[in-house]
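To keep things clear, I will list the structure first and then write my remarks on it.
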Amino acid sequence: MAEDTTQRMVAMAARVFRGGSDEAVGYLDAMVGLYATVFAEPPYRERADAAQRFRRWLGEELGEPGFELVGAVDDGELVGMAYGYGMAAGRWWSDAVEPPPVAVAGVAKFVIMEWAVLSRRRGTGLGRTLMDTLLAGRAERYASLCANPAAPAHDIYLRWGWQPAGRTESGHSPPMTIMVKQLHHDDPGCHAV
Numbered sequence: 000m001a002e003d004t005t006q007r008m009v010a011m012a013a014r015v016f017r018g019g020s021d022e023a024v025g026y027l028d029a030m031v032g033l034y035a036t037v038f039a040e041p042p043y044r045e046r047a048d049a050a051q052r053f054r055r056w057l058g059e060e061l062g063e064p065g066f067e068l069v070g071a072v073d074d075g076e077l078v079g080m081a082y083g084y085g086m087a088a089g090r091w092w093s094d095a096v097e098p099p100p101v102a103v104a105g106v107a108k109f110v111i112m113e114w115a116v117l118s119r120r121r122g123t124g125l126g127r128t129l130m131d132t133l134l135a136g137r138a139e140r141y142a143s144l145c146a147n148p149a150a151p152a153h154d155i156y157l158r159w160g161w162q163p164a165g166r167t168e169s170g171h172s173p174p175m176t177i178m179v180k181q182l183h184h185d186d187p188g189c190h191a192v
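Here it is as structure tokens:
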């Protein structure tokens with residue numbers, strides 16, 4: 000059996016689920032634990048207090064319109080997650096240095112706040128499954144996220160068709176690349192960012 004096929008089978012062993020805020024509340028501790036594990040790794044090297052900050056942020060994000068979580072559970076353990084929510088037309092990242100692209104500014108967007116997969120499950124297709132499932136069927140024309148330029152995820156997003164659209168600067172994290180992806184074309188005159 001080819002190595003790629005074996006990896007895909009490992010990814011498929013996890014149960015992938017999709018849910019809203021209520022589902023996420025049931026996984027809150029597991030989500031915080033997954034965040035702490037993944038973001039303690041290089042290049043992030045976040046300290047233990049970052050997980051508590053994440054818990055506070057997540058608590059606030061659960062109330063955002065259109066909150067959605069896609070997770071993967073294997074043998075009772077949360078091994079991957081991706082989540083986000085709707086961002087209204089006219090809103091943009093609060094710590095953005097540049098304004099949003101014109102095509103994105105006046106429309107609703109789906110923002111991905113976190114995407115995390117345990118290191119032993121990376122390279123199996125699980126991360127792509129989580130992201131594709133999260134974005135499937137979204138009503139918004141665009142999705143946006145922020146990525147650490149030093150992280151492998153940054154290059155993965157570029158390979159998946161995400162386009163740089165600015166950067167953020169804040170006191171609690173390194174500068175990030177804001178990325179945008181067009182999800183669908185519901186206007187024939189619509190152009191990519």
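Position 173 of the sequence shown, counting from 1, maps to 172 under numbering that gives the first Met the number 0, and the rest follow consecutively.
Positions of the beta carbon are idealized from the N, C-alpha and C atoms, including for glycine.
Q: Starting from the Cα of G79, find the closest Cα among T36, P173, H171 and G19 and give me that residue.
A: Nearest C-alpha to G79: T36.
Q) If we ignore side chains and look at the alpha-carbon of each, how far apart do S118 and A12 end up? A) Here the alpha carbons of A12 and S118 stand approximately 16 Å from one another.
**Q.** Given R196 as reference, the closest of D94, G170 and A71 once Cα atoms are compared
**A.** Because the chain in this structure spans residues 0 to 192, residue 196 falls outside the shown range and cannot be described.
(Q) What would DSSP say about T176, mapped onto helix, strand or coil? (A) Strand.
Q) Between which two residues does the alpha helix (DSSP H) harbouring Y156 extend? A) Segment P151 to R158, the alpha helix (DSSP H) holding Y156.
Q: Please confirm whether V101 and T167 have their CB atoms less than 8 Å apart.
A: Pairing V101 with T167 gives a Cβ-Cβ distance that is not under 8 Å.
(Q) Give me, in chain order, the residues of the same chain whose beta-carbon lies closer than 6 Å to that of P187; leave out the 5 immediate sequence neighbours on both sides. (A) Caution is warranted here: a pLDDT of 44 is assigned to P187, below 50, making its placement in the model unreliable, and no coordinate value can be reported.
**Q.** Sequence-distant residues of the same chain with beta carbon closer than 8 Å to R52, five excluded per side
**A.** H171.
Q: Kindly indicate the opening and closing residues of the beta strand (DSSP E) around W114.
A: Counted as a single uninterrupted DSSP element, the beta strand (DSSP E) harbouring W114 occupies residues K108 to V116.
Q.
For P99, which residues in the same chain have their Cβ closer than 6 Å to its Cβ, ignoring the five residues on either side in sequence?
A. Excluding residues within five positions, the ones whose Cβ falls inside 6 Å are W91.
**Q.** alpha helix (DSSP H) segment containing D73, residue limits
**A.** No alpha helix (DSSP H) holds D73; the beta strand (DSSP E) holding it covers E67 to D73.
**Q.** Beta-carbon proximity check, L61 vs M30, cutoff 8 Å
**A.** No, these two residues do not count as a Cβ contact at 8 Å.
Q. Is DSSP giving Y34 helix, strand or coil here?
A. Here Y34 sits in helix by DSSP.
(Q) So, at 6 Å on beta carbons, what are the nonlocal neighbours of M194 in its own chain, with the 5 sequence-adjacent residues on each side left out? (A) Here the chain comprises residues numbered 0 to 192, so residue 194 is not present and cannot be evaluated.
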